[in-house]
Each structure stands twice: as structure tokens, then as C-alpha cells.
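Beneath this line is the structure, given in C-alpha cells, with notes to follow.
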Amino acid sequence: PWVRYYTPVNEIYVTAKSSAKDGLWNEQLKSDKGFVTALKHTAAASIMGTQQIAKHRPDCVIVQSESAEFTHELRAEHTPAVQMENKLRFASLDLLYAHHPDGEVVNYLYDNGMTRQEYDWFMAGEPPGYQVMGNDYYGRNEKIMLPNGELCTSMDVLGWANITHDYYQRYKKPVMHTETNVFEANQAPTWLWKQWVNILRIRKEGVPVLGFTWYSLIDQLDWDTGLAEKNNNVNACGLFDLDRKPRPVAEAYKQLLQEYGQITIVPHGELFEVTDQPATLKVEV
């Protein structure tokens with residue numbers, strides 16, 4: 175097959191949480207056991223899918239897209255529930271990349287249906303192929319919990335770079351900014367440039383960044399409710415609207431590509447670029 179880049183299962187953590195913990199998608203369950211069941215099945219599906227892909231394309235590149243989550247708790251004494259949630263955001267990638275989770279998380283997995291045999295299967299080793307860790311960041315997945323328990327969107331308190339740096343330190347995988355947008359079309363160009371600044375910043379710290387995606391190409395429907403309700407509401411977050419007319423962010427994206435389209439994954443990283451072109455010099459000698 176000519177395709178080399180794959181995402182076998184998109185946003186494993188979000189899929190499991192929305193379907194089996196928050197009761198919004200698919201099975202619409204609201205239980206810890208349901209969440210762990212969905213988590214282990216979707217993670218296993220990704221691993222087994224990658225194994226099959228690698229049989230036909232041994233040099234496959236697997237870009238695992240996952241939500242860059244974090245909840246800031248504005249309480250003098252932090253609660254166990256929020257602290258656990260901030261630990262569980264790593265659970266899907268821990269299973270995928272054979273990284274032993276925090277002991278409290280392991281107990282949580284065992285208490286909610288994961289067997290020791292299943293856990294050992296996940297920890298046996300990483301899936302094949304070249305693994306790229308993608309982090310999706312919309313600002314909406316970084317939240318603030320107020321003292322009264324209400325949640326509000328923190329929108330860029332830590333930002334993609336800081337949150338992704340935590341993931342990179344944990345897994346040591348090359349990263350990609352795999353999804354981002356805002357629903358307000360007039361604010362989209364500024365948001366695009368802010369995300370790109372995040373990428374440039376983390377590259378300076380030595381983190382290899384392989385790519386960036388504005389999601390999506392066209393406007394979406396009902397993502398303002400996370401697909402929890404069918405309202406047919408158009409979210410003006412695409413590079414193009416549903417009539418295929420470019421939005422202002424499309425011009426900003428074009429400028430970004432013209433200026434940065436040929437940069438390497440890390441500063442001065444020409445050595446790591448794999449092409450069939452002969453070596454070239456930036457200046458004549």
C-alpha cells in the first residue's frame with residue numbers, strides 16, 4: 175500500500191471518556207468500569223491495528239492523536255477526584271506505549287475490570303512502526319475548577335507547549351500538534367499564530383515537532399456541545415466554510431506554510447531529514 179502515515183484509533187482517551195464515563199457518545203455509560211473497559215478495548219484495537227499495518231508496511235508512521243488535557247483546581251486543598259483525572263489523562267498513552275502508570279492509576283484499572291493478564295499484555299512492549307505522539311489542543315480541553323466546583327475554560331493558561339512538554343518528558347516520542355481550532359472565525363487567525371508560537375517555543379527546548387494540523391478543512395456541526403446534542407449548528411472553525419469559501423484563517427495558514435513550510439523537525443536538524451535528494455549547503459563555500 176502506498177499509504178505510510180496512519181492513526182488507527184483517534185483520541186483513545188477522549189473516545190473512552192465521552193462514551194463510557196461522561197455518557198455522551200456511543201454506549202452512553204457513566205461508570206468507571208465502563209470507562210476502563212472502553213479504554214482497554216480501544217487501546218488494544220490501536221495496537222493490533224498497528225501490528226496488521228506493519229505486516230504490509232514495515233516502515234509505517236503511526237501518528238497517535240490524543241487530547242492535551244489538564245484541569246487547574248482552585249482549592250487550597252486539592253481533591254482526590256481532580257488529581258486522579260489529571261493522572262488518567264495519560265492512561266491511554268501509557269497502555270499504548272507500555273509505560274507503567276502511577277500506582278494509584280494501576281489500582282484504579284484493576285478495581286474497574288482490567289485483569290493482570292491484560293495489564294501485562296499492554297506492558298509487554300510498544301507497537302511496531304515509527305511512533306509519533308500527537309497532542310490536540312483547543313483551549314477548551316484545559317479547564318479551571320472553581321472553589322464551588324464549577325468548571326470554566328482556561329484557554330491557554332498552560333497552553334499546548336507546556337502541556338505537551340509534560341507528555342514528551344513522559345514518553346520521549348517525537349510530537350505533533352495534531353488538532354486545533356476556535357469557533358469564532360474572526361479570532362481564528364490569532365489563535366493559529368498563537369499555536370505556531372507554541373510549536374516554535376517547544377522546538378527551542380529540543381523537542382522534535384513533526385507537524386501541525388488546523389482541524390478541520392471545512393466547518394463542523396455541533397462540536398460546540400461536543401456532539402452531545404443534534405442541533406445542526408454550524409461551527410465556523412474550518413479553513414473553509416461549507417460553501418467552500420476560504421475563511422480568514424485560510425490566508426493565515428497560507429502565510430504560515432510559505433514562511434515555515436520547509437523547516438526541520440528541530441532547529442538545525444537537517445541531519446535527521448530523510449529524503450532522496452543530495453546534500454546541500456545553505457551558503458556557497
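Residue numbers for the sequence shown follow the numbering used here, beginning at 175 and rising by one.
Positions of the beta carbon are idealized from the N, C-alpha and C atoms, including for glycine.
All values reported here derive from a predicted model rather than from experimental measurement.
Look at residue 308 here: in three-state DSSP terms it is strand. Inclusion of residue 315 and residue 402 in the CB contact set at 9 Å is not warranted, their separation being larger than that value. When the five nearest sequence neighbours on each side are left out, the beta carbons in the same chain lying within less than 6 Å of the beta carbon of residue 247 are those of 256, 319, in order along the chain.
In the three-state DSSP reduction, residue 430 falls in the helix class (H, G or I). Here DSSP, grouped into helix, strand and coil, assigns residue 210 to helix.
Counting along the chain, no beta strand (DSSP E) covers residue 339; the unbroken alpha helix (DSSP H) around it starts and ends at 333-345.
For residue 298, the number of other beta carbons within 10 angstroms of its own is below 16, and it is reported as exposed. Taking residue 373 as the centre and dropping the five residues before and after it, the same chain places the C-beta of 351, 383, 386 closer than 7 Å to its C-beta, in chain order. Annotation: residue 329 to residue 323 spans about 18 Å, alpha carbon to alpha carbon. Taken in chain order, the complete beta strand (DSSP E) segments of 3 or more residues contained in the region 360-397 are 383-386. When C-beta atoms of the region 358-369 are compared with those of the region 300-309, fewer than three pairs fall below 8 Å, so the two segments do not count as touching.
DSSP, reduced to helix, strand and coil, places residue 318 within a strand of the structure shown.
Within the same chain, no residue comes within 7 Å of residue 285 by CB-CB distance, once the 5 residues on both sides are set aside.
Under DSSP, no beta-bridge partner is assigned to residue 280. CA-to-CA, the gap between residue 295 and residue 219 works out to about 13 Å.
When DSSP reads this structure, residue 350 sits in a beta bridge with 308.
For residue 186, the enclosing alpha helix (DSSP H) has its first and last residue at 186-194.
Non-local C-beta neighbours of residue 249 in its own chain, meaning closer than 7 Å and more than five positions away in sequence, comprise 321, ordered along the chain. Here DSSP, grouped into helix, strand and coil, assigns residue 274 to coil.
Membership of residue 244 in the beta strand (DSSP E) is indicated by the continuous run 244-247.
Taking C-alpha positions only, residue 375 is separated from residue 335 by approximately 7 Å.
A Cβ-Cβ separation of about 7 Å places residue 430 in contact with residue 366 under the 8 Å criterion. For residue 272, the closest C-alpha among the options 198, 221, 262 is that of 221.
With three or more CB-CB distances shorter than 8 Å, the region 176-193 counts as touching the region 225-240.
Separation of the CB atoms of residue 309 and residue 341 is rounded to 6 Å, and the pair is thereby assigned contact status at 8 Å. In this structure, DSSP gives residue 440 a state outside helix and strand, which the three-state scheme calls coil.
A Cβ-Cβ separation of about 5 Å places residue 210 in contact with residue 287 under the 8 Å criterion.
At a Cβ-Cβ threshold of 9 Å, residue 224 and residue 236 count as neighbours.
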